[in-house]
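*Asks:* I'd like to ask some things about the structure below.
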Amino acid sequence: SPEEQTPGPGWLSEEVKTGTTIIAVEFNGGVVLGSDSRVSAGETVVNRVMNKLSPLHDKIYCALSGSAADAQTIAEMVNYQLDVHSTEIGEDPQVRSAATLVKNISYKYKEELSAHLIVAGWDRRDGGQVFATLNGLLTRQPFAVGGSGSFYVYGFVDAEYHKGMSKEESQQFVINTLSLAMSRDGSSGGVAYIVTIDEHGAEEKVILGNDLPSFFDQ
Amino acid sequence: NKMAATATMMPFFDQRVSSKHDLVPDWTGQEVSTGTTIMAVEYDGGVVIGADSRTTTGAYIANRVTDKLTPIHDRIFCCRSGSAADTQAIADVVTYQLGFHSIELDEPPLVETAANLFKASCYRYREELTAGILVAGWDRRKGGQVYCVPIGGMLVRQPVSVGGSGSTYIYGFMDSNYKAGLTKDQCLELTATALSLAMERDGSSGGVVRLATISEEGVERRVILGNQLPKFSTH
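Protein sequence lines correspond, in order, to chains H and R.
Residue numbering for the first sequence follows the working numbering, starting at 2 and increasing by one per position.
Residue numbering for the second sequence follows the working numbering, starting at 220 and increasing by one per position.
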C-alpha cells in the first residue's frame, strides 16, 4: 500500500477522521439527529464511542463528519459565536442563524477544511429545521444525510422518507438508516446516538450495538 | 483518501493525453465505460436480473439504451459493469468456452460453471481489466443462482447482489427490503425500485430499466421506460 512510509500502527501517521454516518430529519414540531460513533485514523479505530452530535445552543445541534479536528473546531467556534449573538438579541437564536455561522466558516476556509456539518434544531419562528452546509453552501432540506456511510443509504432514505412523519416514526427512520449504513461502511460503526429536539428541549439517547435493527444476512 | 466509501465497482477513466485540443470535445479521449447499476436476485425457481441503460465516455452518454444483460447460454445471463470493451470481450470468451463445454457434456451447463469461467478470466487478467460482473441463471441442479465476480476476480454466491457505480447508493435499500422467500413478482418490483433509486442518485446510471427473469420455463425480458419508473416523495 502506498502509505507504508513509517512502520508502526496507522494511528501514529494517519489523520484522524470521523469516517461516519450522520443524518437529520424534520418532523412536525421538531427534528431528530442521528450519528454513529466511530473515529478512525487509517485502519485503526481510535474512538469507538464518540458522540458526533454536538450542541450549538439549547435547541440547536450539529452533526459532525469528515476530519475530526476540523469539525470539532467549527462546532466550538459557532457555539461561542451563537452565545454572543443570543445574548445580544436577548432571546434564543434561530436555527438559520446557527447554520449561517457554520456556512460562513465552511465557505471562507473551504480549501483548508474538510468537514461537513449538518445543522438542525427548533426555534419559535419556523419550528423544526434541517440545514446542510456541505462545501460552504447553505440549504434547508426536509432531511439530510452525510459522511462516508451516507452513500450506502441514499436509496433507502429516498424510498422511505415521506412528509408528515411523527416524532416516533422519524426516530425509527433515523435508527434504521444508521443501522444500515453502519453495517455496510467500514468507517462507520459502534453505537448510535440520537437527539430529538422540539419546543420542550433536546433529548439525547444512545442505542447500543445489539439493540440496533438487523437485516436479512446478519 | 477522504471519501472512505469507495465501491468495488467504481469505474475510472483513462488519463487524458492532452487537454489542449479545443477542436474536439473532451470525451473523444475518454474510455467508454458502463457507469452503471446492475442487480440480480434469486427466488425459488429462478432469478431476476436488472440493469440501467447508460454508457458514458466521460460526460457524454454514448448509448442511452444499452443492453447490459448479456446472454451466455440458454438459461444463463451476465450483468456487465465497468469498461464496456473489457466486459464485452470477457463475455464473448466465456460464451464460447461454455458453449463448447456444454456440447462436450451433452447437457445444459451449470450456472456455477459459467461463474467460474468468468472468475478465471477476471482473475488471471486482473491487472489489465476493469470488469464487475454478476452471473445469474437457472439450472436443474441448484435452481436459481446469483454469483458475483467483482473487480479483482473473486467469486461468491449471494442471494441478492448489486454492482456498478450506482450500487453504493442502494445497499441500504437492498438490505432493508430483501428477505428470503420473495416471489418472482416481488423480486421484479424490488429490482425495478432499487434501480430507479440508484439511477436517480448516480450520474453514470440512467435511461431505462431493463429486466429479465430466468427460470426452467425460459427467459422473459421486459423494459420499463423513464416515465413509467417508480417515483419517490423527494422529488
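Backbone N, C-alpha and C fix where the C-beta goes; we use that ideal spot for every residue, glycine too.
Residue ranges of each beta strand (DSSP E) run of no fewer than 3 residues wholly in the segment 100 to 163 of chain H, ordered along the chain?
*Replies:* Listed in chain order, they are 116 to 124, 128 to 133, 140 to 142, 144 to 147.
*Asks:* Using the Cβ count rule (16 or more neighbours within 10 Å means buried), how would you classify Gly254/R?
*Replies:* What you label residue 254/R is simply residue 35 of the second sequence in a count that begins at 1. Buried is the call here.
*Asks:* Under 7 Å from any heavy atom of the ligand PLP, does the C-beta of Ala281/R make it?
*Replies:* In terms of ligand content, the structure shown is empty, and the ligand PLP therefore cannot be addressed.
*Asks:* If you run the structure through DSSP and keep just helix, strand and coil, what is Ala182/H?
*Replies:* As a position in the first sequence, residue 182/H is number 181, starting the count at 1. If DSSP states are grouped into helix, strand and coil, Ala182/H belongs with the helices.
*Asks:* Buried or exposed for His240/R, please, with buried defined as at least 16 other CB atoms from any protein chain shown within 10 angstroms of its CB.
*Replies:* The residue labelled residue 240/R in the question sits at position 21 within the second sequence. Annotation note: pLDDT 48 at His240/R (below 50); position unreliable, no value reported.
*Asks:* Which partner residues does Ser36/H have in the DSSP bridge list?
*Replies:* Counting from one through the first sequence, the residue named residue 36/H turns up at place 35. For Ser36/H, which the question treats as bridged, DSSP gives the partners Ile23/H, Tyr194/H.
*Asks:* Check whether chain H comes within 8 Å of Lys398/R, counting only Cβ atoms and requiring the distance to be less than that.
*Replies:* Here the question's residue 398/R lines up with position 179 in the second sequence. At least one chain H Cβ lies under 8 Å of Lys398/R.
*Asks:* Nearest chain R C-beta to Asp159/H closer than 8 Å, yes or no?
*Replies:* Here residue 159/H corresponds to residue number 158 of the first sequence, with the count starting at 1. Chain R, which has a Cβ nearer than 8 Å to the Cβ of Asp159/H, makes this yes.
*Asks:* On the three-state DSSP scale, how would you describe Gln364/R?
*Replies:* Here residue 364/R refers to the residue found at position 145 of the second sequence. In this structure, Gln364/R counts as strand in the three-state DSSP scheme.
*Asks:* What's the C-alpha gap between Asp212/H and Thr178/H?
*Replies:* Your numbering for residue 212/H matches position 211 in the first sequence. Your numbering for residue 178/H matches position 177 in the first sequence. Rounded to whole angstroms, Asp212/H to Thr178/H spans 14 Å at the Cα level.
*Asks:* Secondary structure at Gly385/R, three-state DSSP: helix, strand or coil?
*Replies:* Position 166 of the second sequence, counted from the start, is the residue given in the question as residue 385/R. Helix, per DSSP.
*Asks:* Taking three-plus beta-carbon pairs below 8 Å as touching, is the segment 92 to 110 of chain H in contact with the segment 144 to 157 of chain H?
*Replies:* no
*Asks:* Measure the C-alpha to C-alpha separation of Arg126/H and Gln95/H and round it to an integer number of angstroms.
*Replies:* For the purposes of this step, residue 126/H is taken as the residue at position 125 of the first sequence. For the purposes of this step, residue 95/H is taken as the residue at position 94 of the first sequence. Taking the straight line joining both Cα atoms gives about 8 Å.
*Asks:* For Glu346/R, which residues does DSSP report across the bridge?
*Replies:* Taking the first residue of the second sequence as 1, we reach residue 346/R at position 127. Answer is none; Glu346/R lacks a bridge partner.
*Asks:* Using the beta-carbon count (16 or more within 10 Å), is His201/H buried or exposed?
*Replies:* As a working note, residue 201/H is residue 200 in the first sequence. Result: exposed.
*Asks:* Give me whichever residues DSSP pairs with Arg441/R in a beta bridge.
*Replies:* Position 222 of the second sequence, counted from the first residue, corresponds to residue 441/R. In the DSSP output, where bridge partners are listed per residue, Arg441/R has Leu430/R.
*Asks:* If we define contact as Cβ-Cβ less than 8 Å, is Val33/H a contact residue for chain R?
*Replies:* As a first step, residue 33/H must be located in the first sequence, where it is residue number 32. Not flagged as an interface residue toward chain R: Val33/H, since no C-beta distance is shorter than 8 Å.
*Asks:* For Leu329/R, I'd like the list of residues in its chain whose CB is within less than 8 Å of its CB, leaving aside the five on either flank, ordered along the chain.
*Replies:* Start at 1 with the first residue of the second sequence, and residue 329/R comes out as number 110. Cβ neighbours of Leu329/R beyond the five flanking positions: Asp358, Arg360, Lys361.
*Asks:* Kindly identify the DSSP beta-bridge partner or partners of Asp298/R.
*Replies:* Working through the second sequence from its first residue, we reach residue 298/R at position 79. Inspection of the sequence shows that residue 298/R is occupied by Cys rather than by Asp. According to DSSP, which records beta bridges pairwise, Cys298/R is partnered with Leu288/R, Leu353/R.
*Asks:* Using a Cβ cut-off of 7 Å, which residues of the segment 369 to 392 of chain R contact any Cβ in chain H, in chain order?
*Replies:* Thr387, Tyr388, Ile389, Tyr390, Gly391, Phe392
*Asks:* By Cβ distance below 8 Å, which residues in the same chain neighbour Asp93/H in space, the five residues on each side in sequence not counted?
*Replies:* Residue mapping note: residue 93/H aligns to position 92 of the first sequence, counting from 1. Within the same chain, Asp93/H has close Cβ partners His58, Asp59, Lys60, Ser87, Asp124, Arg125.
*Asks:* Between Gln364/R and Glu326/R, is the Cβ-Cβ spacing less than 8 Å?
*Replies:* Here residue 364/R is taken as the residue at index 145 of the second sequence, counted from 1. Here residue 326/R is taken as the residue at index 107 of the second sequence, counted from 1. No, the Cβ-Cβ distance between Gln364/R and Glu326/R is not below 8 Å.
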